[in-house]
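What follows is a short report on a single structure.
Chains as they are written, first to last, in the UniProt record's numbering: chain G, 1 to 495; chain Y, 1 to 495.
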């Protein structure tokens with residue numbers, strides 16, 4: 001077993017913080033304020049807390065905790081108006097509420113109540129407060145099944161406690177991991193929702209059914225499409241960095257160029273490379289057509305801006321790194337406010353700890369690169385090495401088949417119904433998504449040119465036509481689900 | 001809160017041991033040998049053990065235990081022959097294997113592998129050995145969801161470890177609580193089985209959606225149908241017993257008549273009444289057309305035999321009790337081997353403790369009687385009183401809505417597929433069963449004249465035609481599921 005923490009860090013080179021489904025060492029956390037602002041760019045909502053069971057599946061632990069949610073009934077029509085429920089994913093619920101404009105933009109037309117529920121062990125919804133991730137006996141209840149059961153219990157409570165909501169049909173929505181949760185919720189609790197909008201949900205990105213190079217291949221293509229010289233510059237930069245890192249002068253140069261807060265010793269060159277690769281791996285998710293502030297404050301089409309600096313792959317090491325560093329600063333310092341970058345700061349946000357744990361237990365999402373079809377340094381992935389690293393970190397083995405056994409993997413087409421799987425085709429996560437329509441009611445919507453759950457974002461001035469059409473199609477299908485529910489249950493309701 | 005253990009005992013008057021889905025005080029355990037024989041009346045099987053997780057839904061408890069199963073590959077055709085999987089319920093797995101002749105009788109025609117898997121916390125499948133029910137931290141993992149996940153993990157393991165079984169379609173079967181598990185398994189893990197045969201599965205027998213008098217009304221009808229005087233005799237016997245129990249002489253008389261091992265004090269008259277009522281409540285489940293040894297060794301149509309003694313409801317107290325006692329002995333002493341009956345022996349079989357716990361937590365199945373439409377003493381049921389009793393006993397509240405939230409209750413018709421709900425209409429449990437076909441693939445098979453999962457029993461010489469036809473229909477549908485699976489997966493297989 002040659003695995004060590006170093007390998008775990010290697011595996012983590014593209015792992016991003018809030019919404020990336022990857023594990024370990026999210027080196028760009030300095031772009032996010034550590035204390036999430038308790039504010040929404042939308043209005044007329046309330047923040048509430050629901051008393052939730054820590055363990056839905058045994059009676060050995062009968063603890064409860066306060067689970068946070070955001071609710072807006074501004075446009076809701078009582079009785080029986082629909083409920084649009086966002087299945088919160090790995091982060092503060094305000095992040096998702098702020099970046100899921102689709103729900104706020106369209107609730108009025110559907111007379112819909114809006115709920116964003118925070119995922120357990122993220123944001124303020126900590127079962128054991130600040131100690132929640134401290135040891136297995138407290139952290140162990142961070143599982144997908146528990147999270148889905150949280151949503152189930154809560155939805156039933158909403159039906160029973162909100163006047164007029166007794167027969168309100170629920171549409172569950174989510175993006176990325178939240179999209180997986182939405183799809184899985186519909187699969188496991190179809191009696192509690194009429195359908196799921198699963199945006200950019202890589203439910204097929206699991207060991208043994210997934211080509212682990214998929215993510216990096218698409219990410220690379222996103223750079224190549226602006227200019228082959230762009231991705232080629234990145235591909236060549238790795239060896240340039242390694243050469244420069246061998247001398248004091250070279251390391252000084254690298255530190256200056258990348259605006260590092262501290263110089264790094266030679267043996268930390270991997271950390272620097274991981275930090276850079278992580279940013280290149282992240283940008284393809286968020287190469288949105290409008291300026292955005294999702295993972296970092298960025299201009300419209302940030303990769304296009306990045307690639308303007310990467311036009312000379314053949315230049316010498318120092319010149320190449322100078323241009324790479326300028327390109328990186330589009331991500332790290334678009335606002336000009338960043339004083340310096342910390343590449344080896346261990347992220348102590350609970351959210352990160354929590355996702356690392358999920359990724360090491362049930363949410364094993366293989367990632368690798370070959371350096372040929374992608375612009376990254378070659379990196380193999382094997383379950384055994386991955387699991388060994390997790391065992392070292394948490395004392396438990398990874399669950400190789402858990403998600404497939406629980407939720408069906410590829411074998412959902414004959415039994416699941418009413419799920420929209422939407423994927424932006426420039427989103428690297430689409431490699432693990434459902435890209436073909438599986439049945440009359442399991443609809444794949446592919447959005448060429450779009451990135452990570454771009455359809456869930458607020459409508460913006462630069463949105464391409466195909467994105468607008470995808471949103472319209474989604475609303476049409478959701479409307480059909482609701483219509484059919486009202487007819488079947490003989491409820492008169494106009495939306 | 002006037003609830004106490006006495007009320008719990010009152011509630012339990014019809015609760016039966018192995019397969020009755022009721023809680024508490026199974027007074028007839030002296031008819032069952034306490035050590036289940038490790039033998040089957042069928043041959044060519046193996047008994048094996050599977051290393052199972054104690055907790056499938058958290059990582060706080062990473063213990064494992066050995067789960068027992070019976071497997072027969074005698075008729076199985078490799079590769080890809082079907083697997084008939086019995087979802088073991090609340091008892092030693094040999095009991096179910098011996099009383100589910102349907103699987104043994106028909107496996108050959110289908111080239112099917114047979115597996116009976118024991119439910120956790122029953123028989124030998126004890127997560128913490130003899131201490132398993134000792135406290136909540138050990139007993140708490142006795143839940144339906146954990147049991148279903150046991151079956152899921154095991155089925156995947158069978159696919160992966162038995163040569164030629166990789167693509168073997170699984171049909172899940174079960175009777176009573178096992179039938180509920182079979183139906184729920186298909187609902188929760190449709191990717192792991194092609195369909196479920198849920199025999200006598202009262203999945204609608206839960207608080208707020210069930211008329212709690214249903215069970216006793218049907219039970220009473222089973223006696224009345226042989227003769228109205230029969231049920232009338234029983235109805236009148238309660239006050240006769242209470243009158244006799246007021247004097248020493250009367251209690252002596254009662255003890256002699258009912259062959260009690262010990263005389264009972266006046267305040268224990270309720271215990272005697274519970275014991276008798278329990279037997280009257282049990283017989284309608286097992287009024288089978290052939291002699292059987294399921295819950296007790298019995299003649300064919302035992303209620304018919306019982307009613308031969310109950311022809312004079314108008315006779316005086318002592319005469320009435322004499323005939324009631326003779327009738328009871330059909331159940332308690334058909335073999336003539338019983339020396340005496342113990343009415344207040346607390347049953348220390350783990351199976352009973354375990355079912356009591358399930359009935360107090362998730363499997364809350366309301367039972368009541370009004371004494372008018374049924375022949376029992378009136379007995380109300382309220383969730384709050386029931387739950388208070390459970391809280392007193394186990395320190396936790398009952399889960400009023402758990403089964404409905406988890407499995408959908410009445411709201412399965414639009415999403416679940418491929419389930420046969422079979423019910424004998426003389427079976428009192430049919431009151432909580434699915435009696436109407438819900439969709440093309442959710443088929444209700446009603447069997448007039450049949451009792452508790454009679455269709456799952458071995459074919460016998462007295463089986464009525466309608467029972468044989470029901471079995472044929474079930475086999476036909478199962479065959480269609482398999483056929484369709486092989487076609488969809490383009491596997492050539494003849495059965």
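Even for Gly, the Cβ is constructed at its ideal location relative to N, Cα and C.
query: Who are the near neighbours of residue 231(G) in its chain, counting only those whose CB is closer than 7 Å to its CB and skipping five residues on each side?
result: The residues are 220, 223, 224 and 375.
- prompt: Relative to chain G, which residues along the region 38–72 of chain Y have a C-beta separation below 8 Å, given in chain order?
  reply: Answer set for the region 38–72 of chain Y: 55, 56, 57, 58, 59, 60, 61 and 62.
3 or more residues per run - each beta strand (DSSP E) lying fully within the region 355–434 of chain G: Within the region 355–434 of chain G, the complete beta strand (DSSP E) runs of at least 3 residues are 419–424.
message: Here's the rule I'm using: 16 or more other beta-carbon atoms within 10 Å means buried, otherwise exposed. How should residue 261(Y) be labelled?
response: With fewer than 16 Cβ atoms within 10 Å of its Cβ, residue 261(Y) is classed as exposed.
Near-chain Y residues of the region 371–404 of chain G (beta-carbon distance less than 7 Å), N- to C-terminal order: Flagged, chain order: 396 and 401.
- request: Could you have a look at residue 479(G) and say whether DSSP puts it in helix, strand or coil?
  value: When DSSP states are grouped into helix, strand and coil, residue 479(G) belongs to the helix group.
task: Could you name the residues of the same chain whose beta carbon sits closer than 7 Å to that of residue 210(G), not counting the 5 residues immediately before and after it, in chain order?
output: Excluding positions up to five away in sequence, the list reads 204, 366 and 432.
message: If you measure between the beta carbons of residue 86(Y) and residue 116(Y), is that distance less than 8 Å?
response: With respect to residue 116(Y), residue 86(Y) sits close: the two C-beta atoms are nearer than 8 Å.
task: Could you pull out every unbroken beta strand (DSSP E) segment of at least 3 residues lying fully inside the region 99–177 of chain Y, listed in chain order?
output: The qualifying runs are 113–117 and 170–175.
Beta-carbon contacts of residue 149(Y) that lie in its chain and below 6 Å, excluding the five residues immediately before and after: Taken in chain order, the residues that qualify are 56.
- prompt: Does the beta-carbon of residue 298(G) have 16 or more other beta-carbons within 10 angstroms, so that it is buried, or is it exposed?
  reply: With 16 or more other Cβ atoms inside 10 Å of its own Cβ, residue 298(G) counts as buried.
- request: With a threshold of 16 other CB atoms inside 10 Å of the CB of residue 427(G), please say whether the residue is buried or exposed.
  value: It counts as buried.
field: Start-to-end residues for the alpha helix (DSSP H) that takes in residue 323(Y)
entry: Looking at the DSSP string, the run of the alpha helix (DSSP H) that includes residue 323(Y) is 317–332.
message: DSSP three-state label for residue 179(G), please.
response: Residue 179(G) sits in a helix when the DSSP states are folded into three classes.
field: Residues from the region 358–370 of chain Y in contact with chain G, defined by Cβ distance under 7 Å
entry: Result list: 361.
query: Going by the beta-carbon positions, is the gap between residue 142(Y) and residue 97(Y) smaller than 8 Å?
result: No; because the gap between Cβ atoms is not below 8 Å, this pair is not in contact.
message: Taking 8 Å as the threshold (C-beta atoms), are residue 331(G) and residue 387(G) in contact?
response: No. Outside cutoff.
- prompt: Just how far apart, CA to CA, sit residue 372(G) and residue 318(G)?
  reply: So the alpha carbons of these two residues sit roughly 23 Å apart.
Chain-ordered neighbours of residue 140(G) on chain Y, where CB pairs are closer than 9 Å: By Cβ distance, chain Y contributes 55, 58, 59, 60, 61 and 62.
Exposure label - residue 272(G); buried when at least 16 CB within 10 Å: Buried.
query: Could you check where the beta strand (DSSP E) with residue 447(Y) kicks off and where it finishes?
result: Its beta strand (DSSP E) spans residues 442–447.
query: With 8 Å set as the bound, which would you pick, yes or no: does the beta-carbon of residue 145(G) sit closer than that to a beta-carbon of chain Y?
result: So, interface residue.
query: Considering only C-alpha positions, which residue in the set 410(G), 80(G) and 119(G) is nearest to residue 165(G)?
result: Distances from the CA of residue 165(G) to each of 410(G), 80(G) and 119(G) were compared; the closest alpha carbon is that of 80(G).
Chain-ordered chain Y contacts of residue 190(G) [CB-CB under 9 Å]: Those are 187, 408, 411, 412, 414, 415 and 416, listed as they occur along chain Y.
- prompt: Any idea if residue 130(G) is buried or exposed, counting beta-carbon neighbours within 10 angstroms, 16 or more meaning buried?
  reply: It counts as exposed.
task: In angstroms with no decimal places, state the Cα-to-Cα distance between residue 283(Y) and residue 90(G).
output: Cα-Cα distance, rounded: 55 Å.
task: Below 8 Å CB to CB, which residues in the same chain sit around residue 380(G) once its five sequence neighbours on both sides are set aside?
output: Hits under 8 Å: 368.
message: If I follow the unbroken beta strand (DSSP E) through residue 64(G), where does it start and stop?
response: Taken as a continuous stretch (DSSP letters only), the beta strand (DSSP E) holding residue 64(G) covers 64–72.
message: Quick check on this structure: which residue in 286(G), 247(G), 488(G) and 281(G) has the alpha carbon closest to the alpha carbon of residue 267(G)?
response: Comparing C-alpha distances from residue 267(G) to each of 286(G), 247(G), 488(G) and 281(G) shows the shortest one belongs to 247(G).
field: Start and end residues, beta strand (DSSP E) containing residue 51(Y)
entry: Residues 46–53.
field: Inter-residue spacing [alpha-carbon to alpha-carbon] between residue 178(G) and residue 88(G)
entry: Roughly 6 Å between the two C-alpha positions.
query: In chain order, what residues of the same chain lie with their CB nearer than 6 Å to the CB of residue 113(G), ignoring the 5 residues before and after it?
result: Residues 73, 76 and 83 of the same chain have their beta carbon placed closer than 6 Å to that of residue 113(G), with the five preceding and five following residues left out of the count.
query: Can you name, in chain order, every residue of its own chain whose Cβ lies under 8 Å from the Cβ of residue 484(Y), other than the five neighbours on each side?
result: Only 194 meet the Cβ criterion.
6 Å Cβ shell around residue 334(Y) - same chain, five flanking residues per side excluded: Cβ neighbours of residue 334(Y) beyond the five flanking positions: 297 and 298.
task: With a 10 Å radius around its C-beta and 16 neighbouring C-beta atoms as the bar for buried, classify residue 216(Y) as buried or exposed.
output: The residue is buried, with at least 16 neighbouring Cβ atoms inside 10 Å.
query: What residue from 383(Y), 60(Y) and 52(Y) has the CA that sits closest to residue 137(Y)'s CA?
result: Answer by Cα proximity: 60(Y).
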